[in-house]
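Q: Numbering (the numbering used here), first residue to last: 1097 to 1367. We put the CB at the ideal spot given by N, CA and C, even for glycine. As the structure is a computational prediction, the values presented were derived from the model and not from experiment. One structure, as structure tokens, below. Some questions next.
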């Protein structure tokens, strides 16, 4: 709401102006994806290929026409992943602070950002270095938590004064009271995720999945994608799930797929 208000204040609220907003956001998100790929893979070539592939990804192409919370959420989620890697590499207070601020802003954008906390705890289990950075650096951990709470506090206060209406809406969306079972819905959800990433590179990745090596980069990207896909997949089987409910998981999954597609066949990826 703050972003829309600021944007329309300066650029107006006519149709063309508002429709340009997702394009602008994806431009900045693409740059963050470049920095993120460079931070993970340490190769400029794969970072450049990643950013071009991201901008042409079907999920991005489609949502570039939509004024959606997911457009902003993916931007902040990408920044969260980037600054988590920065924290892991350099235990600077500023990195902990920025990580907390971006988590707060992501939560203000959409409650799906809470998946970051779950994925981070799973990463603690698989990566000793990340776990120790947070558990043995009390000041940094406190700054991370405190800055996130400060940013998200306006939403908490508003909810307290309005009977927690947004959480009620979120629980109604989950619809667990209407629980059933449909494996077909789950398969449909998985198929759509593959199409959203891009059917060609997704198939290349599937054919090459046997070569998956569980180094830190792979574990990091899987921790921030697989648990989210699993939760939303279960939701889709038991009740229903919109394709965009796992939008944040597409960023790390996409980077994982691009990396292994790059290793398997650079020509296919470029094509």
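Are residue 1133 and residue 1169 touching if we call contact CB-CB under 8 Å?
A: Cβ distance not < 8 Å, so residue 1133 and residue 1169 don't count as in contact.
Q: Assuming residue 1316 and residue 1175 make a contact with CB atoms under 8 Å, what is their CB distance in whole Å?
A: Rounded, the Cβ-Cβ distance is 15 Å, inconsistent with contact.
Q: Starting from the C-beta of residue 1301, find all residues in its chain whose C-beta is less than 7 Å away, skip the five residues before and the five after it, and write them out in chain order.
A: These residues qualify, in order along the chain: 1353, 1356, 1357.
Q: Over what stretch of residues does the alpha helix (DSSP H) that includes residue 1186 continue unbroken?
A: No alpha helix (DSSP H) contains residue 1186, which DSSP labels as neither H nor E.
Q: Note down, one range per segment and in chain order, each alpha helix (DSSP H) of at least 4 residues found wholly within the stretch 1136-1223.
A: Whole alpha helix (DSSP H) segments, 4+ residues: 1140-1152, 1154-1159, 1165-1185, 1189-1205, 1211-1222.
Q: Can you name the start and end residues of the alpha helix (DSSP H) that residue 1355 belongs to?
A: Residue 1355 -> alpha helix (DSSP H) spans 1343-1360.
Q: Let's see if you can read the secondary structure: which residues bound the alpha helix (DSSP H) around residue 1258?
A: First-last for residue 1258: undefined, no H or E at that position.
Q: I want to know whether the stretch 1326-1341 touches the stretch 1102-1115 - three or more CB-CB distances under 8 Å.
A: Verdict: no, contact absent.
Q: Need the endpoints of the alpha helix (DSSP H) that residue 1288 sits in, please.
A: Residues 1279-1293.
Q: If you drop the 5 nearest sequence neighbours on each side, which residues of the same chain put their C-beta closer than 7 Å to that of residue 1262?
A: Hits under 7 Å: 1255.
Q: Tell me which residue opens and which closes the alpha helix (DSSP H) that residue 1317 is part of.
A: Where residue 1317 is concerned, the enclosing alpha helix (DSSP H) stretches over 1312-1319.
Q: In this structure, does DSSP put residue 1304 in helix, strand or coil?
A: Residue 1304: coil per DSSP, three-state reduction.
Q: Alpha carbon to alpha carbon, how far is residue 1110 from residue 1299? Give it in angstroms, no decimals.
A: Their Cα atoms are separated by approximately 41 Å.
Q: Start and end of the alpha helix (DSSP H) containing residue 1332?
A: Element bounds for residue 1332: 1322-1334.
Q: Compare the C-alpha of residue 1243 against each of 1292, 1190, 1284 and name the closest.
A: Minimum Cα distance to residue 1243 is reached at 1190.
Q: Let's test the definition: count the other Cβ atoms within 10 Å of the Cβ of residue 1296 and tell me whether it reaches 16, buried, or not, exposed.
A: By the 10 Å Cβ count, residue 1296 comes out exposed.
Q: Please state if the CB of residue 1161 and the CB of residue 1126 are separated by a distance shorter than 8 Å.
A: Not a contact, by the Cβ cut-off of 8 Å.
Q: Among residues of its own chain, excluding the 5 on either side of residue 1321, which ones have a beta-carbon nearer than 6 Å to its beta-carbon?
A: These residues qualify, in order along the chain: 1345, 1348, 1349.
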